[in-house]
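Numbering (this note's numbering), first residue to last: 10 to 253.
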Amino acid sequence: MKLNVDAICHKGLVRENNEDALSVSGLFLRDDAVSMDVETPEKGFFYLLVADGMGGHENGEEASWFTLDEIKEQFALHQIGPDRFEEDIREAAHYISYKLNSIAADRGQIHPMGCTLTGVIWYYGRIWLINAGDSRTYRFRNGMLRQLTTDETERGYTGDPNASKLLLNCLGGGCEGRLVVESLDGKMLEGDTLLICSDGLCDMVSDDELEEALAQGTTAADLYRMACEGGGADNTSIILAKIL
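This is the structure in structure tokens:
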């Protein structure tokens, strides 16, 4: 499968530091951007992942970096196998969560460090969607945008729909690291575009606005500017991947 990948990761307009990170098959990005054409291998792996360090917790930027680096290492060491992908990637998530929680406990952190994780993995001819938390993976096809992931959040108890979100699942952060894994085999077609992003984009820009921008051939940098125009209140990671 041939892809055009366009990605950006930025701290936004309000936050002092960037706790987001993204990985284009092991190429780590933070406060940077990249654009490239790639072909996913028939034997081997390629992945597009976004990790959003938890705001309000300590060392969120370390959690997102550790998560993406550990996944890279486990693929490189063949600890995630093609015949046991679902089991192995879930075990990897549990291990990452355990390590993040253990490191935080050893340091005596009041709030354990953690991060969300979402994205798509191509592995030995199969395509997988993974998710933990409220970062999002979308598919844009024939002018219509569809969210493939489910936000693992709930609102506060006040009944106010604008109340702060409560994150129900993540890697680290005191959680066990439950990873949702779903096959996308047969669900990705030539001309489709994947949008993988942290909530720094989707909290600032509505799905309708994203759909309209994608229909007009937007870039990752364009979407980041839209997030800034919407307030730029959070770190923002964006990966656009068009199937050629």
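We put the beta carbon where it would ideally sit given N, CA and C, even for glycine.
{"query": "Might you give, ordered along the chain, the residues of its own chain that have their beta carbon closer than 7 angstroms to the beta carbon of D208, omitting 5 neighbours on each side?", "result": "D61, D143, S144 and D243"}
{"query": "Going by DSSP, name the residue or residues bridged to T146.", "result": "I205"}
{"query": "Which one or two residues does DSSP pair with T245 in a beta bridge?", "result": "H19"}
{"query": "Which whole-angstrom value is the C-beta distance of E185 and H120, which I expect to be below 8 angstroms?", "result": "That belief does not hold up - the Cβ atoms of E185 and H120 are roughly 17 angstroms apart, past 8 angstroms."}
{"query": "Skipping 5 residues on each side, what residues in its chain have a beta carbon closer than 7 angstroms to that of A148?", "result": "What sits at residue 148 in the sequence shown is Arg, not Ala. Hits under 7 angstroms: R155, L157, D201 and L203."}
{"query": "Put G240 into one of helix, strand or coil per three-state DSSP.", "result": "coil"}
{"query": "Excluding the 5 residues preceding and the 5 following E79 in the sequence, name in chain order all residues of the same chain whose CB lies nearer than 6 angstroms to its CB.", "result": "I105"}
{"query": "For the segment 39-98, which segments carrying the alpha helix (DSSP H) assignment without a break, of at least 4 residues, lie completely within its bounds, in sequence order?", "result": "69-85"}
{"query": "For L177, name the three-state secondary structure that DSSP assigns.", "result": "coil"}
{"query": "In the DSSP assignment, what residue or residues form a beta bridge with Q118?", "result": "Q118 pairs with nothing; no bridge assigned."}
{"query": "Please classify D169 as buried or exposed, where buried requires at least 16 neighbouring CB atoms within 10 angstroms.", "result": "The predicted position of D169 is uncertain, since its pLDDT is 47 and thus under 50; a value taken from the coordinates is nonetheless stated next. Its Cβ having fewer than 16 others within 10 Å, D169 is exposed."}
{"query": "Have a look at F54, N26, L210 and M197 and flag the residue whose alpha-carbon is nearest the alpha-carbon of I17.", "result": "L210"}
{"query": "Using a Cβ-Cβ cut-off of 7 angstroms (strictly less than) and excluding sequence neighbours within five positions of I89, which residues of its own chain qualify?", "result": "Q83, D97, I98 and A101"}
{"query": "Can you give the beta carbon distance from W131 to T49, rounded, assuming they're within the 8 angstroms contact cut?", "result": "4 angstroms"}
{"query": "For R24, which residues of its own chain have a beta-carbon under 7 angstroms away from its beta-carbon, when the five flanking residues on both sides are left out?", "result": "D243 and N244"}
{"query": "By how many angstroms is the C-alpha of A141 removed from the C-alpha of F75?", "result": "15 angstroms"}
{"query": "Y233: which of E220, Q225, C206 and F54 sits nearest, CA to CA?", "result": "C206"}
{"query": "Among the candidates F54, G182, T162 and D46, whose CA atom is the shortest distance from the CA of G69?", "result": "G182"}
{"query": "Got a sec? Which residues, its chain only, sit under 8 angstroms from L175 by beta carbon, not counting five neighbours each side?", "result": "T162, E163, R164 and G165"}
{"query": "Can you grab the Cα-Cα spacing for the pair S111 / F54, in whole Å?", "result": "29 angstroms"}
{"query": "Chain C beta carbons: is any one of them nearer than 8 angstroms to that of G142?", "result": "Among the chains in the structure shown there is no chain C, since it carries only a single protein chain."}
{"query": "Please classify R39 as buried or exposed, where buried requires at least 16 neighbouring CB atoms within 10 angstroms.", "result": "buried"}
{"query": "Cutting at 7 angstroms between CB atoms, please list the residues of its own chain near G239, excluding the five before and the five after it.", "result": "M213 and V214"}
{"query": "So what does DSSP say about M153, is it helix, strand or coil?", "result": "strand"}
{"query": "Are the CB atoms of M10 and E71 nearer to each other than 8 angstroms?", "result": "no"}
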